Structures are given as structure tokens and as C-alpha cells.
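Working notes for the structure below.
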Ligand code: ADP
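Numbering (this note's numbering), first residue to last: 2 to 195.
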């Protein structure tokens, strides 16, 4: 099995490009944000707890997302690997992921990082709010908190994976979705293979 991490700030295009990458490599796309939104929609206890944190632009606890990820690894069959989108998002999650995979005799094969500047993060999230209607996209203070959370909690993972030697970066801006997708897929082909 192969394990890729799709990395980048909110609005970088991880969810947008995951489909094409997943199809090309027969990998299952798993978005922790989508899994959490499904729990909220289903009204579960986990969802109720997560909703407050998400609407404030904060992260949910590591053990919550790690439980969802392990459950996905245990139950989803028929793919050559997993494409993790929005996970890991803290150093604790990154280290726990290494342990979770080591138990299975697996490892993180590649971190595919999509980079965009903060002002584009804001622009894209504001636009997405009008299209998808996500509550955490609609408020400026939540967007600001998510950008700050990204810089303080998530950005340190870049150094962590650079040291691990499996960090690959592409620009997610400027250009159309198609141009960005081509840039990202070309980068993956070149660095990781087809
Ligand atoms: P975006 O890519 O715009 O940040 P996501 O759908 O990935 O949106 O995540 C939405 C929210 O879900 C995050 O702001 C956070 O509150 C929560 N979340 C998602 N993934 C994680 C994670 N790995 N750890 C903690 N919280 C998470």
C-alpha cells in the first residue's frame, strides 16, 4: 500500500485535486474535514463536540481524527493506497501517523504540498463560502483563526517531512484549476513516478 499526504493551507486546493491524483494512483481519498462534517450532519456526539471547535476555526483533538483515520485504514479495501487530505495537521498527529503505519509495516511514501499565499487563502475561502455554504468559511474571524492555526500548528510539519526526505512541493497559484492540476500531477510524476 502507498500512503500520500496532501498538504497545504486551507483553500490550497487539496480537495479539488485529490480526485485526479486518487484516480491516477488508485488511492482512496480521505479528508478528515469531510469525515468530521459527516459526523456533524449525522448529529453524533463526536459531531456535536467537533462542531464548536470547527466553527471557531480551531482544531479538533488529535485522538478524534486519529480514530477516524485508523478506522478508515481498517475498513476500506480495494485500493493501492490512501491519499490523506487535511491529516496530519499537528506534529503530534504526524508522529502518531508514523506509529500507526509502522504497526502495519507501512510508512508515509510522499507528502504532496500545495502552496498558496495567505491573501489567496482568504480570497478562495470567501468565494467557497458562496458556493458550498460551509459555516466555517463564512466568518472572517474564523478564517483568520484557521490561517493562524495553520501557521502555528501545521506549518512545522514541513520541516518534519523535509527531514524525513519525502516532502515535495508545487505551487497551487496562479492559474486555472486545470493548470494547477497539471503542475501538481507533473510534479508527482517527476518526483515519485507514474
Ligand atoms: P480546510 O482545508 O479548508 O482547512 P478541512 O475540511 O480540511 O478544511 O477542515 C475543516 C476543519 O475541520 C478544520 O478547520 C478543523 O477544525 C477540522 N479538522 C480537519 N482535519 C483536522 C485534523 N487533522 N486535526 C484537527 N482538526 C481537523
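In this text, a Cβ means the ideal position worked out from N, Cα and C, and glycines have one as well.
Source: prediction; values computed, not measured.
Worksheet item: Ends of the alpha helix (DSSP H) at residue 161?
Response: Per DSSP, the continuous alpha helix (DSSP H) segment holding residue 161 begins and ends at 157-165.
Notebook entry, point to check: Any heavy atom of the ligand ADP closer than 7 angstroms to the Cβ of residue 88?
Noted result: Yes, the ligand ADP has a heavy atom inside 7 angstroms of this Cβ.
Checklist entry - What residue range is occupied by the uninterrupted beta strand (DSSP E) comprising residue 25? => result Note, residue 25: premise wrong, no beta strand (DSSP E); alpha helix (DSSP H) at 15-26.
Exercise. In or out: residue 51 buried (at least 16 other Cβ within 10 Å) or exposed?
Worked result: The residue is buried, with at least 16 neighbouring Cβ atoms inside 10 Å.
> In terms of residue numbering, what span does the alpha helix (DSSP H) encompassing residue 123 cover?
Replying inline: Under the DSSP assignment, residue 123 falls in the alpha helix (DSSP H) whose first and last residues are 119-133.
| message | Which residue wins for smallest C-alpha separation from residue 85, given the options 14, 174, 30 and 165? | response | If we check each option's Cα against that of residue 85, 30 comes out closest.
Own chain, CB closer than 6 angstroms to residue 47, minus 5 neighbours either side, in chain order:
The beta carbon of residue 47 is closer than 6 angstroms to those of 40 in its chain, skipping five residues each way along the sequence.
What residues in its chain sit with their C-beta under 6 angstroms from that of residue 56, if we drop five residues either side in the sequence? 136 and 137, listed in sequence order.
For this session: Report all residues from its chain with a CB closer than 6 angstroms to the CB of residue 121; omit the five preceding and five following residues, and keep chain order.
Result: Result list for residue 121: 174, in chain order.
Counting pairs of beta carbons, one from the stretch 178-192 and one from the stretch 93-103, are three or more of them closer than 8 angstroms?
They do not touch, by the three-pair rule.
### Query
Is the distance from the Cβ of residue 2 to the Cβ of residue 33 below 8 angstroms?
Between residue 2 and residue 33, the C-beta spacing is not below 8 angstroms.
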